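Peer 1: Just so we're aligned: 152 in UniProt numbering is position 152 of the sequence shown, and the numbers increase by one with no gaps anywhere. We put the CB at the ideal spot given by N, CA and C, even for glycine. Computed from a prediction, not measured in an experiment: that's the story for all the values here. Sharing a structure below in structure tokens format, with a few things to ask.
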Amino acid sequence: MNPYQNKNEYEILKSSSDYTKVSNKYPFANDPNIAMKHTNYKDWMHMCETPTPSFVSIIINVVNLFARVLSLSKTFTNTSKYIGIIGGILGLLGSNFNSESTNMWDDLIKHIEELTDKLIDTNVRFIGMSTVNGLNSQYLRYLDLFESWYKDQNNENKRNNLVSAFQILDSAFINALGYRNTTGQETRGTLSTAYEVQFLPSYAQAANLHLLLLRDAVTYGNVWRLIKPTSDYYNRFKDNIARYTDYCTEYFHRGLDNLKKPGSDAVSWLRFNGFRRDMTLMVLDLITLFPLYDSVQYPLPTKIELSRKIYTDPVGSTISDFGNWTLTNRTLANFNDLEREVTDGPSLLKWLNALVIYTGAIDNRRPLYPGDRIGVWYGHRAEFIIPDSNEVSYRFTGEMAYEDSNTIIASILDNDIYKVNLRAAYVSITFGSNDSTFGVSSSQFFNIRGIHQLYQSSQPIPSWPITIAFPGEESSEGNANDYSHRLCDVKNITGGLRQTPARGRSSLLSHAWTHSSLKPRNIIAIDEITQIPAVKAFNISDTGAGSVVAGPGHTGGDLIRLPNNNARLKIRLTPSTSDKRFRVRVRYASTTAGRMRITKYWSPGYVQHYDFNFDAQYYDSNLTFRSFHYLDTMVTRLDDPGVEIIVQNIGGSILYIDKIEIIPIDAVAFEDEVEQSLKKAVSDLFIN
Numbered sequence: 001m002n003p004y005q006n007k008n009e010y011e012i013l014k015s016s017s018d019y020t021k022v023s024n025k026y027p028f029a030n031d032p033n034i035a036m037k038h039t040n041y042k043d044w045m046h047m048c049e050t051p052t053p054s055f056v057s058i059i060i061n062v063v064n065l066f067a068r069v070l071s072l073s074k075t076f077t078n079t080s081k082y083i084g085i086i087g088g089i090l091g092l093l094g095s096n097f098n099s100e101s102t103n104m105w106d107d108l109i110k111h112i113e114e115l116t117d118k119l120i121d122t123n124v125r126f127i128g129m130s131t132v133n134g135l136n137s138q139y140l141r142y143l144d145l146f147e148s149w150y151k152d153q154n155n156e157n158k159r160n161n162l163v164s165a166f167q168i169l170d171s172a173f174i175n176a177l178g179y180r181n182t183t184g185q186e187t188r189g190t191l192s193t194a195y196e197v198q199f200l201p202s203y204a205q206a207a208n209l210h211l212l213l214l215r216d217a218v219t220y221g222n223v224w225r226l227i228k229p230t231s232d233y234y235n236r237f238k239d240n241i242a243r244y245t246d247y248c249t250e251y252f253h254r255g256l257d258n259l260k261k262p263g264s265d266a267v268s269w270l271r272f273n274g275f276r277r278d279m280t281l282m283v284l285d286l287i288t289l290f291p292l293y294d295s296v297q298y299p300l301p302t303k304i305e306l307s308r309k310i311y312t313d314p315v316g317s318t319i320s321d322f323g324n325w326t327l328t329n330r331t332l333a334n335f336n337d338l339e340r341e342v343t344d345g346p347s348l349l350k351w352l353n354a355l356v357i358y359t360g361a362i363d364n365r366r367p368l369y370p371g372d373r374i375g376v377w378y379g380h381r382a383e384f385i386i387p388d389s390n391e392v393s394y395r396f397t398g399e400m401a402y403e404d405s406n407t408i409i410a411s412i413l414d415n416d417i418y419k420v421n422l423r424a425a426y427v428s429i430t431f432g433s434n435d436s437t438f439g440v441s442s443s444q445f446f447n448i449r450g451i452h453q454l455y456q457s458s459q460p461i462p463s464w465p466i467t468i469a470f471p472g473e474e475s476s477e478g479n480a481n482d483y484s485h486r487l488c489d490v491k492n493i494t495g496g497l498r499q500t501p502a503r504g505r506s507s508l509l510s511h512a513w514t515h516s517s518l519k520p521r522n523i524i525a526i527d528e529i530t531q532i533p534a535v536k537a538f539n540i541s542d543t544g545a546g547s548v549v550a551g552p553g554h555t556g557g558d559l560i561r562l563p564n565n566n567a568r569l570k571i572r573l574t575p576s577t578s579d580k581r582f583r584v585r586v587r588y589a590s591t592t593a594g595r596m597r598i599t600k601y602w603s604p605g606y607v608q609h610y611d612f613n614f615d616a617q618y619y620d621s622n623l624t625f626r627s628f629h630y631l632d633t634m635v636t637r638l639d640d641p642g643v644e645i646i647v648q649n650i651g652g653s654i655l656y657i658d659k660i661e662i663i664p665i666d667a668v669a670f671e672d673e674v675e676q677s678l679k680k681a682v683s684d685l686f687i688n
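Here is the structure:
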């Protein structure tokens, strides 16, 4: 029996749960079952096809901000472009995007208030908003003075005005973000004394701006004739990178822990996952860029790759109280099952390449009626590839069924999927009953080559459209030429939904996404620093059992753990098109002093390896920012076919490898470096 039988359009659409009003503020699962009172069917269908701006504006602008910040490292040597990008960031933060907010600073706060279900005290909010708006306007004034001085650097009045504006703005950031004195004692600022989790996105944006300001002092301090030496500003700059990074990481985890409620309902999990996903976009992604501002460590533009994974809300019907999978008291969907089935543990990167989808049926059959039989996605086999080794693996989720012929979604590798259009269905034996059965009857995959592959059962309706898409860098919804995330996994899950065998398997679809900066192959840039996440290794166990462990939050992804059993990781590179020399640098954390072997391998019998000692340095078991260090290793060419870089732990410590960095070496600078090394070696011989 169709539960909508004898119901008019308005009656069908006006029945919506309380949760849909909350969940649909999350912009990624654009389920349109919102604001439906006094809305007719045609208007509602238009809402299905067009994302509502108020739901997505904050994430659109966060993604746009991140893209601008990401581009900064490529403009540090081009001051005009650098000024333009900073001005764009400030303009975006200070702009008004909808009638319900004052500007983006306000949107950031409101969004986290909704996710955490905790409002900031009115007076505290007023002080916080006054602080960030003041920072924004003062920075714009400073930027104008900076641009004016930069074009006329011999003008003393312009220099004096700029230095005064710099000092005032620097003090304003200290008041907002706090500081650490010479004895290591912390003093909190207006954005970090209360409601730390709710203010965290604002704190992260302010911290980013302060670091850029301090970078100016490091770069131009001598020319400005600042009272404090440039070295003092550089030390403050480095200290604040660590302090701001650790603060953001700590309060991200605190906020997540506060929302983690094992044994609770589906709505609690959706809040938990929404916080994890949105705060990754608003905070964690941003702080991964902080180290790139250090021109001593990163003198060249840097090509980064974020390897972290985020999860959009599972897709299922939320059309009404009796057809809403999120209502645990009716459906039994719950926190524990959703978290267990949706998320993955740390692992080496694998790339989704194909799906073989099986169709079954859900049916609200009754003794006297044939029922409504809807074909739905019952289960699938996913094929994954590690491109550099051509290793293929398979995983099955859901159940096999043969209601229709199998559907194959093929050639996903190198053909990124940036959007998915789905239709969610459900059946129920009686109107308003608790035994509703859920499924997805259609899913169209939009990819960058324009071959939009479709899964659709032979009987896909009644069902309701849902679109999943992330914003592009310049567009409100990703497209083939501008997208920020790619689909990296799909799972058919139950999430604990009540199963009634007579009516078929009740299921949802879960989607995981990676950032578009992550690439399948390790292509070396000849004029930039290339960062390669360690989890792109194709082997970590051939000489000892290495493992993948969860990253702390500020590394942009997970880490490789190499115990002291000669464990190593192997990364294959796409050969450079140049015979230029490159330095291999490792970003790592280590429990004690140790020894690392770096090997270049390019075919059997052609191997170079060098051993490097490193001293005991700061280490924290929580893998805070200060726990990570850099080890400069071999300088070599990387133009050989099949070239691999191998990092091996041959000491007594436990190593955590974050990234391998490939740094182009200027020939003149390299020869000078070699000459200085030889002179030092000769000098050491005479001394010893």
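Does the Cβ-Cβ distance between T397 and N492 come in under 8 Å?
Peer 2: Yes.
Peer 1: Let's see if you can read the secondary structure: which residues bound the alpha helix (DSSP H) around Q205?
Peer 2: Counting along the chain, the alpha helix (DSSP H) containing Q205 begins and ends at 200-224.
Peer 1: So is T122 buried or exposed if we call it buried at 16+ other beta carbons inside 10 Å?
Peer 2: Its Cβ having fewer than 16 others within 10 Å, T122 is exposed.
Peer 1: Between the alpha carbons of E339 and E196, how many angstroms are there, rounded?
Peer 2: Whole-angstrom Cα-Cα distance: 26 Å.
Peer 1: Look up D344 in the DSSP assignment and say whether it is helix, strand or coil.
Peer 2: Three-state result, D344: coil.
Peer 1: Which residue spans inside the UniProt domain "Pesticidal crystal protein" (529-666) form an unbroken beta strand (DSSP E) run of at least 3?
Peer 2: If we require 3 residues or more, the beta strand (DSSP E) runs fully inside the UniProt domain "Pesticidal crystal protein" (529-666) come out as 529-533, 547-549, 559-562, 568-572, 581-590, 594-603, 606-614, 629-637, 644-649, 655-665.
Peer 1: Nearest-angstrom Cα distance between A537 and R572?
Peer 2: Taking the straight line joining both Cα atoms gives about 7 Å.
Peer 1: Where do the N-terminal and C-terminal ends of the beta strand (DSSP E) with W377 fall, by residue?
Peer 2: Start and end: 373-386.
Peer 1: Alpha carbons only, please: which of L286, P520, F272 is nearest the one belonging to D388?
Peer 2: When each option's Cα is compared against that of D388, the closest is P520.
Peer 1: Between D278, F237, T530, which has its C-alpha nearest K110's C-alpha?
Peer 2: Out of D278, F237, T530, D278 has the C-alpha closest to the C-alpha of K110.
Peer 1: What are the start and end residues of the alpha helix (DSSP H) that includes Q167?
Peer 2: 156-177 is the extent of the alpha helix (DSSP H) around Q167.
Peer 1: Given this structure, state the Cα-to-Cα distance separating E383 from G263, to the nearest angstrom.
Peer 2: Cα to Cα, the separation comes out at about 32 Å.
Peer 1: Closest to H511 by CA distance: which of S517, D489, E528 is it?
Peer 2: Ranking S517, D489, E528 by Cα distance to H511 puts D489 first.
Peer 1: So is L259 buried or exposed if we call it buried at 16+ other beta carbons inside 10 Å?
Peer 2: Buried, since its Cβ has 16 or more Cβ neighbours within 10 Å.
Peer 1: Please tell me whether A534 and L569 are closer than 8 Å, where the distance is taken between their beta carbons.
Peer 2: Yes, Cβ-Cβ distance for A534 and L569 is below 8 Å.
Peer 1: So, is F614 buried or exposed, given that buried needs 16 or more other C-beta atoms within 10 angstroms?
Peer 2: Per the 10 Å Cβ criterion, buried.
Peer 1: Can you give the Cα-Cα distance for L115 and S268, rounded to whole angstroms?
Peer 2: Distance between the alpha carbons of L115 and S268: 10 Å.
Peer 1: Along the chain, where does the beta strand (DSSP E) that runs through V427 open and close?
Peer 2: Looking at the DSSP string, the run of the beta strand (DSSP E) that includes V427 is 417-427.
Peer 1: Taking 8 Å as the threshold, find out whether the stretch 202-219 comes into contact with the stretch 236-246 through three or more Cβ pairs.
Peer 2: Counting Cβ pairs under 8 Å, three or more are found: they touch.
Peer 1: Buried or exposed for N181, going by 16 or more other Cβ atoms inside 10 Å?
Peer 2: Counting Cβ neighbours within 10 Å, N181 comes out exposed, since fewer than 16 surround it.
Peer 1: Less than 8 Å between the beta carbons of P201 and I112, yes or no?
Peer 2: Yes, these two residues count as a Cβ contact at 8 Å.
Peer 1: Between T437, I385, T359, A410, which lies nearest to D404 when the distance is taken from Cα to Cα?
Peer 2: Of the listed residues, the one whose Cα sits closest to D404 is T359.
Peer 1: According to the Cβ coordinates, are T636 and Q608 closer than 8 Å?
Peer 2: Cβ atoms of T636 and Q608: closer than 8 Å.
Peer 1: Please report whether the beta-carbon of N136 lies at a distance below 8 Å from any beta-carbon of chain C.
Peer 2: The structure shown contains no chain C; it is built from a single protein chain.
Peer 1: Between which two residues does the beta strand (DSSP E) harbouring W325 extend?
Peer 2: Taken as a continuous stretch (DSSP letters only), W325 belongs to no beta strand (DSSP E), as it is neither H nor E.
Peer 1: Consult DSSP for Y455 and reduce its assignment to one of helix, strand or coil.
Peer 2: Strand at Y455.
Peer 1: Nearest CA to the CA of L497: which residue from D611, M596, A567, A333?
Peer 2: When each option's Cα is compared against that of L497, the closest is A333.
Peer 1: Compute the Euclidean distance between the alpha carbons of D435 and Y455, then round it to the nearest angstrom.
Peer 2: Roughly 26 Å separates the two Cα atoms.
Peer 1: Quick one: residues in its chain with C-beta nearer than 8 Å to the C-beta of G375, no 5 flanking neighbours on either side, listed in chain order?
Peer 2: Excluding sequence neighbours, G375 sits near T359, G360, A361, E403, D404, S441, S457, S458, Q459, P460.
Peer 1: Measure the alpha-carbon distance for M596 versus S547 and round it to whole angstroms.
Peer 2: Distance between the alpha carbons of M596 and S547: 17 Å.
Peer 1: Pair every Cβ in the stretch 71-83 with every Cβ in the stretch 291-303, then say whether three or more of these pairs are closer than 8 Å.
Peer 2: Segments in contact, yes.
Peer 1: Measure the C-alpha to C-alpha separation of N154 and L145 and round it to an integer number of angstroms.
Peer 2: If I take the Cα positions, the gap works out to 14 Å.
Peer 1: Can you tell me where the beta strand (DSSP E) with R486 in it begins and where it stops?
Peer 2: Residues 485-493.
Peer 1: Could you tell me the boundaries of the beta strand (DSSP E) in which N447 lies?
Peer 2: 437-447 is the span of the beta strand (DSSP E), which, as asked, contains N447.
Peer 1: For a quick check, are the C-beta atoms of L348 and I540 less than 8 Å apart?
Peer 2: A contact, by the Cβ cut-off of 8 Å.
Peer 1: Could you round the C-beta distance between D542 and P346 to whole angstroms and report it? I think they count as a contact, below 8 Å.
Peer 2: Contact flag wrong, Cβ pair sits at about 19 Å.
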